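Below is one structure, written out as structure tokens; comments come after it.
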Amino acid sequence: MTTISPDTLQDEVKRDVYYYRVYIRTDVSQLENREGKSFPIFPGMIATVDIKTGSKSVLDYLLKPLNKASEALRER
């Protein structure tokens, strides 16, 4: 990912849909699906992607309140 818009943009047709404009640079010129069929990547292509921002497990989220409570009881 080379650039991401600082604010959300509103879809011109579906006024209740908001999105971020993101520019991505790839090392390859095509992608393959599970069956091995190739699909070319070209400039201006519209895509839906998931951007991984960190790695926390579900257990981390469940235990966070307990960890915060134990920190609150510590003496400084």
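In UniProt numbering, the protein residues as written are 1 to 76.
Cβ atoms here follow ideal geometry from the backbone N, Cα and C, with glycine treated the same way.
Quantities reported herein were computed from a predicted structural model and do not represent experimental measurements.
Closest Cα partner of residue 165 within the set Asp50, Val28 and Pro40:
With the chain running from 1 to 76 in the structure shown, residue 165 is simply not present.
Does the beta-carbon distance from Thr2 to Arg34 come in below 7 Å?
Taking the sequence shown and counting its residues from 1, one reaches residue 2 at position 2. Taking the sequence shown and counting its residues from 1, one reaches residue 34 at position 34. Arg34 is positioned such that its CB atom lies no closer than 7 Å to that of Thr2.
In this structure, what does DSSP give as the bridge partners for Ile4?
In the sequence shown, the residue the question calls residue 4 occupies position 4. Val22.
For Ile46 versus Ser29, is the C-beta distance shorter than 7 Å?
As a first step, residue 46 must be located in the sequence shown, where it is residue number 46. As a first step, residue 29 must be located in the sequence shown, where it is residue number 29. For Ile46 and Ser29, no; Cβs fall outside 7 Å.
From what residue to what residue does the beta strand (DSSP E) around Ser38 run?
Against the sequence shown, residue 38 aligns to sequence position 38. Run containing Ser38: Ser38 to Pro40, per the beta strand (DSSP E) assignment.
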